[in-house]
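Below: one structure, written as structure tokens.
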Amino acid sequence: MAHCSNCSRRDFVRLALGGSAALGMAAKVGVPFALGQDKTAPAKAKACILLWMQGAQSQLDTWDLKPGTEFGGPFKPIATSAGGVQICEHLPRTAKQMDKVSLLRTLNSRDPNHDTATYFLHTGYRENPDLQYPHVGSVIVEELGPGKTDLPGCVVLGGEPPAGAAYLPADRGPAIIDRLTNPTDDLLATNEYFAKGTLERRWKLLRGFEEDWNRKHADTRIAERERTYERAWKILSSADLKAFEVAREPEAVRKAYGETPLGKAALLARRLVQAGVRFVEIQYGSWDTHSDNFGGHKRLMGDIDGPYAALLEDLSRSGMLSDTMVILMGEFGRTPKINVGQGRDHWTKCWSACLAGGGIAGGRVVGKTNENGTDIAERPVSVADFYATIYKCFGVNPDKKYMGPGSRPTRILEGGDVVKELLA
Amino acid sequence: MIAFCSVLLAAALGLQARPAHDKDSLDGWFEDLWKRRDLKPAAPCDDAVFLRRVSLDVTGSLPDPEEIRAFLKSGRKDKRPAKIEELIASPKAAEYFAYQWIQWLMGHDIDFRDLNRLNFGALCDWLKKAWSEDMPYDDFVTAFLSSTGSLEDSPAANFAAKHLVPDEPPAGLARAAARLFLGSDIRCAQCHDHPFDATTQEEFWSYAAFFRPLRVEARRLVEVPVAKPPRLREDLGELFLEPRFLDGRQAEAGETRGAAIARIFLSVEKDAVGRAIVDRYWKLCFGRALLPGRNTKGQPELLDLLVKQFRTQKSSLRGLVRAIASSRAYQLSSEGPEASREFYAIGPLKMMNTVQFMRVWNHAFQWEAYFRQQYEKHPERLPYMKNPDVFWISRTMQAKEFLFPKGRDPEEVLANGTDRLAIKLMNNRDIQLLMVAQFGHVQQVMKKTADPGNRIEELFLLMLSRPPSKSEKAKMIEHARSAGRPEHAYIDGYADIFWMLFNASEFIFIG
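Structure below.
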């Protein structure tokens, strides 16, 4: 530390930019690696599990109940393990884990369209027809580096994410596993449908066969393709693929998560993070209850309560929660006003998200909506603020610029202030 | 000998015979370049390579085994020029032209909303006709810039309809038209004066103003009177200005909006429209641009020469494709060091583009046969199959979702490849199962012949458009025998070989 006590921050930046030797020195003397990081505690989060509530949850029927008011609806609040914090009666197991969770009640945006809002909430950027921004998971993989595994750094289960690697290297993009019920279609298929050893036999046949043609047509694009195939083969032949075999877990653990598609996916997410995957997103829905909002929400809360609570409890018990962030959110909220079909429509003025672990405080509520839930009363949090907070926990410098297509420098995040109340 | 051949070739094409070293001919230009650079051009590619290359570039499809056998056997001296003519005149070429142009016109983000909102069937028919009738390119461009009316009766209007967003200024359409027809990327200027580009934000919005009267109403593209919007879209950088092109020109007295913008486009300095289209087709066939880029010098002189020829040949796109495919540079072997590619001393090598890939993909897995069968059984389940073109476009969209990650231009993804694509090709469940389906090539080839050597030859012809070499054949016969199990009629071994063929670089690259 003595070496650096006389350095200004600018000196440090200059040193760091000077090359790896300077970086090596900086690391030795304990200077935070990420440029532009301030003096607060070092980043805690190393991995993230995002439970994406596709279609948008009704905040008034889940995390921010207004019983007895005009738009309150029929559900009752219940006490939780987080002091005075109350959530919906249909989330009883989750209620017991709320001491680990910070409840953010004042997210807001101006985008009531599913597609564009989903994009916004996955990238921190509004859609731009000429520039695609990367998925938050791809940014985290790029900044923290892939984990110690042959598996992809970012995995999406149960649906198509709205964004990919964009201008980041292709292997930072989400590996997409379309089906929750059979998540191994691409990864284990040959072994599942053909005799053991088939894929390896084919791989050897291919390598032997194409060597001659590839050599005669020496070209960087062919070399690049060979590397891509090598990476794919590394994944397909990796011992870490057994992370996908959820059945290896003890029965008690499987039961705690629930033998449902979401329960299995949540357990798989934990296994993937354990294997070294940085970012796992699970898509679940649809919460888009324009009619029969209460029937739909009661059913869906029944689906998520067990898996979400089991995940928090499991991660906390094993100690993984200290560096694994768990986020549960959707693209916006639902209208306070109940429509003629007993449904709720799209609402962007205020909605809730749950964060836990990886440097996020437990048992807190941040932001307050007004009496009947129609607007924010205190502490609005923008999507940019939300992402500034997440990146802060991961030690990602939001001011860093990537070079986009057409040599267009693009910041990791535009604007946004860290929501300090969310930090542990 | 070479000079004699090119004279023959030119004669066969009905072109005016020129002396071989005339720098105004494409071949002469290259010979001069190689001489100046002291480069020795590669040998001509062999017939099988030529047939695969030209079939993919002209029709977007692979030749079938019978066609390959006939072509290899033929002793006709003019078999290459004759094949080029045959392919250009084939319905497959018109189809490829239409599908390729739909990608260019509509961008790579077509989705199901567009499929219902726009009339792809009518546009596809119109494009096919444009190819078959060899519509002069200026008329083609004019149609897209000035057509209005019903999206069915005036199919070119679908281009503008795709790029207009309700209640938004026409920035997307302005960008698309400039990029597609002028080859210039002015997107940065929409929001700010760009430090490297000549176009300013004011110029951008003056140009975009030409498209302000356009609206899509009840499946028609209509022109309505322009009024200043109550609030400008600051987030889009919007400015409200009089229509004026990037070079300052405006509509003339009495000229309609459509006529004015088409006239202005077609008379931009240095024939930007001609240069853009020649460059586009050159890139399609050679995988490299002639226009200089940010990091590449291009070949501006060669571009000038080609544009001159293109204009003397009545701006014929068929003529342009013919000229490129007939050139000596196009017909060279693509084997050799990468550095030689810069000066075209070896033949073109490129990854298939999305349309080629999807067509070949459909062919490899017999998707079309499968869906036709399904449609005959349950027409209500496959409504788009009523028009096979529209069905094909919808399949491409779905397959893109399936094969290419979101947020990246599929062309770029194919060029670089992604882990996801590789994993899918290597191990996707559906592909694994389709590979050995009853209607698939493996089973069909096994039914057709019992001889292992013939089976392997057939699979090679189907996928790589060439017979296997002697040693390849021996190795594959051995593999089929050792990997397959007699109780499964050795299908495992042939499935391995088929898998190997569609995962090989030689399959996805056009060498």
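Quick mapping for you: the protein sequence lines, in order, are chains A and B. Count along the first sequence from 1, then add 19; that gives the number in this note's numbering. Count along the second sequence from 1, then add 16; that gives the number in this note's numbering. Virtual Cβ for every residue (Gly too), placed ideally from N, Cα, C. All values reported here derive from a predicted model rather than from experimental measurement.
Residue i by DSSP, collapsed to three states: which one?
| i | result |
| --- | --- |
| Met-451 of chain B | helix |
| Asn-135 of chain B | coil |
| Cys-107 of chain A | strand |
| Ala-234 of chain B | coil |
| Phe-269 of chain A | The identity of residue 269 of chain A in the sequence shown is Pro, whereas the question assumes Phe. Three-state result, Pro-269 of chain A: coil. |
| Ala-40 of chain A | Because the pLDDT at Ala-40 of chain A is just 30, under 50, the model does not fix this residue reliably, and the value given afterwards should be weighed accordingly. Correct three-state label for Ala-40 of chain A: helix. |
| Cys-61 of chain B | coil |
| Gln-293 of chain A | helix |
| Gly-509 of chain B | helix |
| His-495 of chain B | helix |
| Cys-369 of chain A | coil |
| Pro-468 of chain B | helix |
| Trp-45 of chain B | helix |
| Pro-428 of chain A | strand |
| Phe-525 of chain B | strand |
| Thr-343 of chain A | strand |
| Gln-284 of chain B | A small correction: the amino acid at residue 284 of chain B is Val; Gln does not occupy that position in the sequence shown. Here Val-284 of chain B sits in coil by DSSP. |
| Gly-435 of chain A | coil |
Between the Cα of residue i and those of the options, spot the shortest distance and give me the residue it belongs to.
| i | options | result |
| --- | --- | --- |
| Trp-221 of chain B | B:Leu-248, B:Arg-304, B:Arg-236 and B:Pro-353 | B:Leu-248 |
| Pro-57 of chain B | B:Glu-392, B:Pro-364, B:Ala-190 and B:Met-462 | B:Pro-364 |
| Leu-187 of chain A | A:Pro-153, A:Lys-215, A:Asp-231 and A:Gly-216 | A:Pro-153 |
| Phe-313 of chain A | A:Lys-95, A:Leu-224, A:Ser-401 and A:Gln-73 | A:Lys-95 |
| Val-323 of chain B | B:Arg-344, B:Ala-345 and B:Trp-298 | B:Trp-298 |
| Leu-319 of chain B | B:Ala-159, B:Gln-217 and B:Ala-288 | B:Ala-288 |
| Leu-198 of chain B | B:Pro-182, B:Ile-293, B:Ala-275 and B:Asp-63 | B:Ile-293 |
| Asn-416 of chain A | A:Ser-100, A:Asp-324 and A:Val-158 | A:Val-158 |
| Leu-348 of chain B | B:Leu-336, B:Pro-316 and B:Cys-301 | B:Cys-301 |
| Gln-448 of chain B | B:Ala-243, B:Glu-101 and B:Trp-515 | B:Trp-515 |
| His-316 of chain A | A:Gly-362, A:Ser-335, A:Thr-388 and A:Leu-331 | A:Gly-362 |
| Ala-345 of chain B | B:Ala-59, B:Glu-396 and B:Asp-38 | B:Ala-59 |
| Trp-377 of chain B | B:Met-479, B:Glu-317, B:His-124 and B:Asp-43 | B:Met-479 |
Starting from the C-beta of residue i, find all residues in its chain whose C-beta is less than 6 Å away, skip the five residues before and the five after it, and write them out in chain order.
| i | result |
| --- | --- |
| Ala-453 of chain B | none |
| Thr-142 of chain A | Tyr-152 and Ala-182 |
| Arg-260 of chain B | Ser-222 and Gln-266 |
| Ser-371 of chain A | Gln-78, Trp-82, Asp-83 and Arg-124 |
Could you name the residues of the same chain whose beta carbon sits closer than 7 Å to that of residue i, not counting the 5 residues immediately before and after it, in chain order?
| i | result |
| --- | --- |
| Ala-75 of chain A | Trp-306, Asp-307, Gly-349, Glu-350, Phe-351, Gly-352, Arg-353 and His-365 |
| Ala-40 of chain A | Interpretation of Ala-40 of chain A is limited by its pLDDT of 30, a score under 50 that renders its predicted location unreliable; the figure taken from the coordinates is listed afterwards. Excluding positions up to five away in sequence, the list is empty. |
| Leu-11 of chain B | In the structure as shown, chain B begins at 17 and stops at 527. Residue 11 of chain B is therefore absent and cannot be evaluated. |
| Asp-436 of chain A | Asp-404 and Ala-407 |
Residue j and residue i - do their beta-carbons sit closer together than 7 Å?
| i | j | result |
| --- | --- | --- |
| Ile-84 of chain B | Leu-333 of chain B | no |
| Gly-92 of chain A | Asp-80 of chain A | yes |
| Ala-98 of chain B | Leu-134 of chain B | no |
| Val-160 of chain A | Arg-191 of chain A | yes |
| Phe-405 of chain A | Cys-67 of chain A | no |
| Val-406 of chain B | Phe-136 of chain B | yes |
| Phe-256 of chain B | Met-367 of chain B | no |
| Thr-444 of chain A | Gly-295 of chain A | Here chain A has residues from 20 to 443 only, and residue 444 of chain A is not among them. |
| Ser-350 of chain B | Asn-233 of chain A | no |
| Cys-369 of chain A | Ile-409 of chain A | no |
| Gln-206 of chain B | Ala-187 of chain B | yes |
| Tyr-510 of chain B | Val-458 of chain B | yes |
| Gly-527 of chain B | His-236 of chain A | yes |
| Lys-63 of chain A | Asp-342 of chain A | yes |
| Phe-384 of chain A | Leu-126 of chain A | Correcting the residue type first, residue 384 of chain A is Val in the shown sequence and not Phe. Not closer than 7 Å, so no. |
Tell me which residues share the same chain as residue i and place their Cβ nearer than 8 Å to its Cβ, disregarding the 5 neighbours each side in the sequence.
| i | result |
| --- | --- |
| Glu-433 of chain A | Gly-143, Tyr-144 and Ala-403 |
| Thr-429 of chain A | Leu-150, Tyr-152, Tyr-186, Lys-420, Tyr-421, Met-422 and Gly-423 |
Check your understanding: Okay, do the region 73-85 of chain B and the region 99-119 of chain B touch, 3+ Cβ pairs below 8 Å being the bar?
Key -> Result yes; three or more Cβ-Cβ pairs closer than 8 Å.
**Study point:** the region 90-101 of chain B touching the region 378-391 of chain B, judged by at least three CB pairs closer than 8 Å
**Key:** Between the region 90-101 of chain B and the region 378-391 of chain B there are fewer than three C-beta pairs closer than 8 Å, too few to call the two in contact.
Check your understanding: Would you call the region 140-155 of chain B and the region 188-208 of chain B touching, i.e. three or more CB-CB distances under 8 Å?
Key -> Segments in contact, no.
Check your understanding: Is it true that the region 250-269 of chain B meets the region 231-238 of chain B, where meeting means three or more beta-carbon pairs spaced less than 8 Å apart?
Key -> Too few Cβ pairs lie closer than 8 Å, so no.
Point to revise | Three CB pairs or more closer than 8 Å across the region 300-311 of chain B and the region 273-287 of chain B | key: Not touching, per the Cβ criterion.
Practice item. Flag this pair as touching only if the region 126-133 of chain A and the region 254-265 of chain A have three or more C-beta atom pairs under 8 Å; answer yes or no. Key: No: the two stretches stay apart, fewer than three of their Cβ pairs being nearer than 8 Å.
Review point. Touch check for the region 98-110 of chain A and the region 355-365 of chain A: three-plus C-beta pairs under 8 Å?
Key: Cβ pair count under 8 Å is below three, so no.
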